[in-house]
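Below is one structure, written out as structure tokens; the observations come after it.
2 protein chains.
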Amino acid sequence: MDLYTYYRSTSSYRVRIALALKGLDARHLPVNLLQGEHRQDAYRAINPQGRVPALRTDEGELLVQSPAIIEYLEERFPEPALLPADPLQRVHQRGVAALIGCDIHPLHNVAVLNRLRGLGIDEDGVNQWIAHWIGEGLAAVEALIGDDGFCFGQPGLADVYLLPQLYAARRFNVDLAAFPRILRVERLALEHPAFRQAHPDAQADKPA
Amino acid sequence: MDLYTYYRSTSSYRVRIALALKGLDARHLPVNLLQGEHRQDAYRAINPQGRVPALRTDEGELLVQSPAIIEYLEERFPEPALLPADPLQRVHQRGVAALIGCDIHPLHNVAVLNRLRGLGIDEDGVNQWIAHWIGEGLAAVEALIGDDGFCFGQPGLADVYLLPQLYAARRFNVDLAAFPRILRVERLALEHPAFRQAHPDAQADKPA
Numbered sequence: 260m261d262l263y264t265y266y267r268s269t270s271s272y273r274v275r276i277a278l279a280l281k282g283l284d285a286r287h288l289p290v291n292l293l294q295g296e297h298r299q300d301a302y303r304a305i306n307p308q309g310r311v312p313a314l315r316t317d318e319g320e321l322l323v324q325s326p327a328i329i330e331y332l333e334e335r336f337p338e339p340a341l342l343p344a345d346p347l348q349r350v351h352q353r354g355v356a357a358l359i360g361c362d363i364h365p366l367h368n369v370a371v372l373n374r375l376r377g378l379g380i381d382e383d384g385v386n387q388w389i390a391h392w393i394g395e396g397l398a399a400v401e402a403l404i405g406d407d408g409f410c411f412g413q414p415g416l417a418d419v420y421l422l423p424q425l426y427a428a429r430r431f432n433v434d435l436a437a438f439p440r441i442l443r444v445e446r447l448a449l450e451h452p453a454f455r456q457a458h459p460d461a462q463a464d465k466p467a
Numbered sequence: 260m261d262l263y264t265y266y267r268s269t270s271s272y273r274v275r276i277a278l279a280l281k282g283l284d285a286r287h288l289p290v291n292l293l294q295g296e297h298r299q300d301a302y303r304a305i306n307p308q309g310r311v312p313a314l315r316t317d318e319g320e321l322l323v324q325s326p327a328i329i330e331y332l333e334e335r336f337p338e339p340a341l342l343p344a345d346p347l348q349r350v351h352q353r354g355v356a357a358l359i360g361c362d363i364h365p366l367h368n369v370a371v372l373n374r375l376r377g378l379g380i381d382e383d384g385v386n387q388w389i390a391h392w393i394g395e396g397l398a399a400v401e402a403l404i405g406d407d408g409f410c411f412g413q414p415g416l417a418d419v420y421l422l423p424q425l426y427a428a429r430r431f432n433v434d435l436a437a438f439p440r441i442l443r444v445e446r447l448a449l450e451h452p453a454f455r456q457a458h459p460d461a462q463a464d465k466p467a
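As you go down the protein sequences, you meet chains A and B in turn.
Going by my numbering, the letters in the first sequence line up with residues 260 to 467, in that order.
Going by my numbering, the letters in the second sequence line up with residues 260 to 467, in that order.
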């Protein structure tokens with residue numbers, strides 16, 4: 260498989276964690292968002308939306324959108340599972356994943372922040388915007404996850420989404436002190452081999 | 260099942276379509292967002308995030324987040340299927356669903372628009388913001404969907420997400436003329452019994 264990725268893209272990082280937890284290798288094809296490579300025709304031919312990640316399967320099919328790619332990996336390579344067998348546990352894992360993927364991350368991606376700046380919002384306003392959505396969203400995550408281990412015990416889909424979101428929160432200096440469960444998950448994940456392998460700091464395309 | 264719903268909430272509308280396509284009945288428990296019922300303690304006890312929809316199963320479990328609820332319905336009540344059996348068709352359906360659910364709808368929900376107004380953005384700016392994200396997102400959807408029938412032939416997950424997004428686009432007067440495939444899907448859905456039953460105009464909580 261080939262993964263079109265950028266080291267600090269939240270949704271690329273999700274797919275990297277899912278691959279690592281499953282012990283799957285994918286060749287990384289970096290797309291430099293800072294240099295605008297995602298907007299060039301060569302990449303638009305991979306993903307018409309011009310966003311990372313994209314995954315090319317061994318059969319040559321191009322897959323886009325991290326939630327769809329991760330569900331594909333789960334179906335194609337079921338073990339180890341990101342989703343437990345129990346239907347309610349599955350919906351809890353997917354609920355936290357969707358909360359992060361729909362209600363937090365989309366509001367602070369780089370295109371959105373640049374659009375805010377284009378409307379005349381200054382950096383203080385942009386930072387307040389980021390802190391508001393990450394804080395409100397993580398408060399809801401804190402209320403939904405469990406008291407032991409990763410979000411729901413063993414590493415799973417919710418953790419695949421949470422760790423990249425926490426990396427973004429740290430990068431934007433969002434205060435996480437009110438979220439002890441989330442901080443517990445972060446501590447565990449930062450020592451877990453698959454999460455370490457997928458971390459932005461471990462990527463070959465991270466600038467020196 | 261009990262569905263906590265609001266007639267013109269995009270994500271409530273998605274779950275209503277999924278239920279209707281599967282021929283499932285759920286008692287509707289309206290939550291009036293205009294009157295702030297979603298922010299009151301009674302509803303926060305249902306969903307700590309204070310958002311609709313939420314689904315109470317026949318076993319009394321409370322499920323939140325429309326993407327997770329819809330995947331639950333698909334697993335629990337597999338026929339008729341929203342996702343075809345073929346792995347690549349599944350990822351295509353889920354890719355369009357995620358594009359709409361992550362990259363379009365979160366940017367124009369009412370909380371986000373009110374936050375923009377709070378930053379001093381006037382109504383012209385708000386309308387430009389809405390038109391930008393819906394237009395850019397639907398252009399990507401247009402490139403991904405097929406040339407016949409619903410998004411990918413038979414009604415499926417992508418259509419469950421697309422129709423509520425089009426309802427929002429119409430409400431905000433976004434020009435859809437550049438999207439012939441999307442307009443074809445809209446025409447088909449507006450004549451389909453399940454999509455009609457789930458439409459905001461058919462809801463008991465729609466104001467007279």
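C-beta: ideal position from N, C-alpha, C; glycine also.
Beta carbon proximity, A:V290 to chain B, threshold 9 Å: It does not: the Cβ of A:V290 has no partner Cβ on chain B nearer than 9 Å.
Three-state class that DSSP yields for B:T264 in the structure shown: It is a strand residue.
Proximity of B:H367 and B:W388 at Cβ, strictly below 9 Å: Result yes, Cβ atoms of B:H367 and B:W388 sit closer than 9 Å.
Run of the alpha helix (DSSP H) containing A:V444, from where it starts to where it stops: The continuous alpha helix (DSSP H) containing A:V444 extends over residues 439-449.
For A:F411, three-class secondary structure by DSSP: In the structure shown, A:F411 falls within a coil segment according to DSSP collapsed to helix, strand and coil.
Per DSSP, the bridge partner or partners of A:A313: Within the DSSP bridge table, the entry for A:A313 names A:Y263, A:V323 as partners.
Beta-ladder partner(s) of A:H297, from DSSP: Its beta-bridge partners do not exist; DSSP assigns none.
Chain-ordered neighbours of A:R360 on chain B, where CB pairs are closer than 7 Å: Inspection of the sequence shows that residue 360 of chain A is occupied by Gly rather than by Arg. Within chain B, C361 have C-beta atoms less than 7 Å from the C-beta of A:G360, given in sequence order.
Inter-residue spacing [alpha-carbon to alpha-carbon] between B:R376 and B:L292: Straight-line Cα distance between these residues: approximately 18 Å.
C-beta neighbour in chain A for B:Y331, strict 9 Å: For B:Y331, the answer is yes, since a Cβ of chain A falls inside 9 Å of its Cβ.
Cβ-based neighbour list, B:T316, same chain, cut-off 7 Å, excluding 5 preceding and 5 following: Closer than 7 Å at the Cβ level, and outside the excluded window around B:T316, lie M260, L322.
Three-state class that DSSP yields for A:L288 in the structure shown: Looking at A:L288 - three-state DSSP - the assignment turns out to be strand.
Which of helix, strand or coil DSSP assigns to A:D418: Helix at A:D418.
Selected residue, minimal CA-CA separation from B:Y265, among B:L280, B:G282, B:R286: Answer by Cα proximity: B:R286.
Test item: CB-CB of A:L425 and A:L416 under 9 Å: No, the pair does not count as a contact, with Cβ atoms beyond the cut-off.
Proximity of A:Q308 and B:A402 at Cβ, strictly below 9 Å: Yes, the pair counts as a contact, with Cβ atoms nearer than the cut-off.
Within chain B, partners of A:H391 - CB distance below 8 Å: Here the neighbours are R374.
4 or more residues per run - each alpha helix (DSSP H) lying fully within the region 334-399 of chain B: If one requires a minimum length of 4 residues, the alpha helix (DSSP H) runs lying completely within the region 334-399 of chain B are 346-357, 369-377, in chain order.
Three-pair Cβ contact test at 8 Å for the region 440-455 of chain A versus the region 298-307 of chain B: The region 440-455 of chain A is not in contact with the region 298-307 of chain B.
Chain B residues whose Cβ lies nearer than 7 Å to that of A:A402: P307, listed in chain order.
C-alpha gap between B:D406 and A:P466, whole angstroms: Cα-Cα distance, rounded: 43 Å.
Residues of its chain near A:F411, where Cβ-Cβ distance is below 7 Å and the 5 sequence neighbours each way are ignored: Listed in chain order, the non-local C-beta contacts of A:F411 below 7 Å within the same chain comprise Q348, H351, Q352, I404, G405, A417, local neighbours out to five positions each way being set aside.
Within chain B, the residues that A:I380 reaches when beta carbons sit closer than 7 Å: By Cβ distance, chain B contributes L378.
Neighbour list for A:P439 in chain D, Cβ cutoff strictly below 8 Å: As a matter of chain content, chain D is missing from the structure shown, whose protein chains are A and B.
Own chain, CB closer than 8 Å to B:D383, minus 5 neighbours either side, in chain order: Here the set comprises nothing.
B:Q294 burial status per 10 Å Cβ neighbour count (16 or more: buried): By the neighbour-count rule (16 or more Cβ atoms within 10 Å), B:Q294 is not buried but exposed.
Assigned exposure category for B:Q413 - 16 Cβ within 10 Å defines buried: Exposed, since its Cβ has fewer than 16 Cβ neighbours within 10 Å.
Alpha-carbon to alpha-carbon, B:L341 and A:L442: Distance between A:L442 and B:L341, taken at the CA atoms: about 37 Å.
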